[in-house]
Each structure stands twice: as C-alpha cells, then as structure tokens.
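Visitor:
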Amino acid sequence: MGGTYLRPMVFVRKRPIGRSKLITPRVKRIILTGATSRPASLALRLLSGGPGSILMLHRFTDHERSVSGHDPHILRATLERLRRERYCLVSLEDMFLTLARSEPLPPRAVAFTLDDGYADQAEVAAPIFAEFEC
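When the letters of the sequence shown are read in order and numbered with the working numbering, they come out as residues 1 to 134.
Here it is in structure tokens:
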C-alpha cells in the first residue's frame, strides 16, 4: 500500500462513514485503505476519461475549535503524492475558465473544492493549499 492519504467520504444514510455506529473502526479502516490504495488509484485513472478531476472536501481537524475532519497532515501528504505522480494541481477557477474558453486542461488536472466556508478551511487547509499553489 502507498500509505495514508485523504480519505474519501463514503456516505451511509447521508452521514459520513466515520460517524456511523453501524460500521466499526476496523471495517472503516479496511474500506478507506482499499479506496486510497495504489490499485484503486490506477483503476480510477483508467475509468476517468474526462478532462480533469474535482475533489470535494469538507471539514479539517482543528483541535483549538474541537472540530474533527480531514487530517491536515494527510492533506499535505496527498498533495505531495499528487505532485510526485505528476498530477497538475489547478484552482477550481482556472479549471472552469479554461473549460469555458473551450481550451484543453493540462493533462491530469486536479482541482479541490471546499464546501460551507468553515473557519477551519481558511485557517487550517488554505495555508496547505497555498504551499502547493492550488
């Protein structure tokens, strides 16, 4: 396995898997490890024939505010991996403007979107995204 990276949000009854009492931590770990493994990444790459990918994230762990969410260290590791594997990290705005002009996106373009505008996104995630210019 290639290590731990951003976990996909797997929903059960509109609740993230991490908050479901029906799924034990061991089952959750197995699902997330499989979903973020190198073979799964390769399979998704073969299946996605589109011009780019948009990854949606939500909350980020912020101990000062007692907020749980994506681990900032895992976000950084994921962005490092995407760079290392030659993905082109672009802003969502650049992706849309490029597509609106009917121009091709760079090969393997990836953009991130964060929903709801929580403070942890600005204070925890934004500086990490800025490091990678995306």
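Think of the CB as a built atom: it goes at the ideal place given N, C-alpha and C, for glycine as much as any other residue.
What is the DSSP secondary structure of Val90, counted as helix, strand or coil?
Guide: On the sequence shown, position 90 is the one that residue 90 refers to. Three-state result, Val90: coil.
Visitor: Where does Leu105 fall in DSSP's three states?
Guide: Residue 105 sits at position 105 when you count from the first residue of the sequence shown. Coil at Leu105, not helix or strand.
Visitor: Does the count of Cβ pairs from the stretch 66-81 and the stretch 94-103 closer than 8 Å reach three?
Guide: No, the stretch 66-81 is not in contact with the stretch 94-103.
Visitor: By a C-beta neighbour count over all protein chains shown, 10 Å radius and 16 as the cutoff for buried, is His63 buried or exposed?
Guide: Position 63 of the sequence shown, counted from the start, is the residue given in the question as residue 63. Result: exposed.
Visitor: CA-CA distance, Val90 and Pro106?
Guide: Sequence index remark: in the sequence shown, residue 90 carries index 90 (1-based). Sequence index remark: in the sequence shown, residue 106 carries index 106 (1-based). Their backbone Cα atoms lie some 9 Å apart in a straight line.
Visitor: Measure how close the beta-carbons of Leu114 and Leu79 come, nearest whole angstrom, since I'm counting them as under 8 Å.
Guide: Taking the sequence shown and counting its residues from 1, the one referred to as residue 114 is at position 114. Taking the sequence shown and counting its residues from 1, the one referred to as residue 79 is at position 79. No, Leu114 and Leu79 are not in contact; Cβ-Cβ is about 14 Å, not under 8 Å.
Visitor: If you measure between the beta carbons of Asp145 and Gly69, is that distance less than 8 Å?
Guide: The first residue shown for the chain is 1 and the last is 134, placing residue 145 beyond what the model contains.
Visitor: Can you tell which of Thr61, Glu93, Arg59, Arg65 has its C-alpha closest to the C-alpha of Glu135?
Guide: Residue 135 lies beyond the stretch modelled for the chain, which goes from 1 to 134, so this question has no answer here.
Visitor: Can you name the residues that DSSP bridges to Ile54?
Guide: Working through the sequence shown from its first residue, we reach residue 54 at position 54. In the DSSP output, where bridge partners are listed per residue, Ile54 has Ala111.
Visitor: The alpha helix (DSSP H) with His73 in it runs from where to where?
Guide: For the purposes of this step, residue 73 is taken as residue 73 along the sequence shown, with counting starting at 1. That run of the alpha helix (DSSP H) goes 72-84.
Visitor: Is the beta carbon of Cys88 less than 8 Å from the beta carbon of Arg59?
Guide: What you label residue 88 is simply residue 88 of the sequence shown in a count that begins at 1. What you label residue 59 is simply residue 59 of the sequence shown in a count that begins at 1. It is not a contact, given that the beta carbons lie outside the stated cut-off.
Visitor: Relative to the C-alpha of Arg65, which residue among Glu123, Glu103, Pro127, Phe129 is closest?
Guide: Start at 1 with the first residue of the sequence shown, and residue 65 comes out as number 65. Closest by alpha carbon: Glu123.
Visitor: The alpha helix (DSSP H) with Glu131 in it runs from where to where?
Guide: Here residue 131 is taken as the residue at index 131 of the sequence shown, counted from 1. It spans 126-131 - the alpha helix (DSSP H) in which Glu131 sits, taken as one unbroken run.
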